[in-house]
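Novice: Can you read through this structure? Questions will come right after.
In my numbering, the protein residues as written are 47 to 164.
Written out as structure tokens, the structure is:
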């Protein structure tokens, strides 16, 4: 009998390949940013029901080079930018690597099958 991963399992496996030490909060932040690119940190905090300081730490983790733990942006998945309409507000954007990860996750979702067929 052939088994197919569920969507949740496929996403989890893909995220673990990116960074095996990624916390659940950071993974949830990444997925939320993928669905809402250009979201402010305050909006992300509200959507996730997390304290702003917890969201800031998650974004810090996603902003670092997750492969080698370096501070450069080569492996960063997201970056903070000033909002075009109000430079005081910071929004979170996917980097080119983050967009590639988003595309990988989307392909994993499409390839996965639901645990229970409708």
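Here a beta-carbon is modelled for each residue, glycine too, at the ideal position from N, C-alpha and C.
In this text, all values refer to a predicted model and were calculated from it rather than measured experimentally.
#1: Just the C-alpha distance for residue 139 and residue 76, rounded to the nearest angstrom, thanks.
#2: Is it buried or exposed, residue 70, if we count other Cβ atoms within 10 angstroms and call 16 or more buried?
#3: Could you spell out where the beta strand (DSSP E) holding residue 89 opens and where it closes?
#4: Taking the beta strand (DSSP E) that residue 139 belongs to, which residues open and close that run?
#5: Spell out the partners DSSP gives residue 125 in its beta bridges.
#6: Leaving out five residues before and five after residue 101 in sequence, what residues of the same chain have Cβ atoms less than 6 Å from its Cβ?
#7: Is the distance from the Cβ of residue 124 to the Cβ of residue 144 below 8 Å?
#8: Using 10 angstroms around the beta-carbon of residue 129, count the other beta-carbons present and answer buried if the total reaches 16, otherwise exposed.
#9: Look at the Cβ atom of residue 134, then the Cβ atom of residue 122, and state whether they are nearer than 8 Å.
#10: In angstroms with no decimal places, state the Cα-to-Cα distance between residue 85 and residue 66.
#11: For residue 65, which three-state DSSP category applies?
Specialist: By the coordinates alone:
#1: The residue labelled residue 139 in the question sits at position 93 within the chain shown. The residue labelled residue 76 in the question sits at position 30 within the chain shown. Each residue's Cα considered, the two are about 10 Å apart.
#2: Stepping through the chain shown from its first residue, residue 70 is reached at position 24. When all chains shown are included, residue 70 counts as exposed.
#3: Along the chain shown, one-based indexing puts residue 89 at 43. Taken as a continuous stretch (DSSP letters only), residue 89 belongs to no beta strand (DSSP E), being part of the alpha helix (DSSP H) at 87-94.
#4: Taking the first residue of the chain shown as position 1, residue 139 is located at position 93. Per DSSP, residue 139 belongs to the beta strand (DSSP E) from 132-140.
#5: Residue mapping note: residue 125 aligns to position 79 of the chain shown, counting from 1. DSSP lists 139 as partners of residue 125.
#6: The count along the chain shown starts at 1 and reaches residue 101 at position 55. 87, 90, 91.
#7: For the purposes of this step, residue 124 is taken as the residue at position 78 of the chain shown. For the purposes of this step, residue 144 is taken as the residue at position 98 of the chain shown. A contact, by the Cβ cut-off of 8 Å.
#8: Position 83 of the chain shown, counted from the start, is the residue given in the question as residue 129. Looking at its Cβ environment, which holds fewer than 16 other Cβ atoms inside 10 Å, residue 129 is exposed.
#9: As a working note, residue 134 is residue 88 in the chain shown. As a working note, residue 122 is residue 76 in the chain shown. Going by C-beta atoms, residue 134 is not nearer than 8 Å to residue 122.
#10: The residue you call residue 85 lines up with position 39 of the chain shown. The residue you call residue 66 lines up with position 20 of the chain shown. Taking the straight line from one Cα to the other gives about 25 Å.
#11: If you number the chain shown from 1, residue 65 lands on position 19. If DSSP states are grouped into helix, strand and coil, residue 65 belongs with coil.
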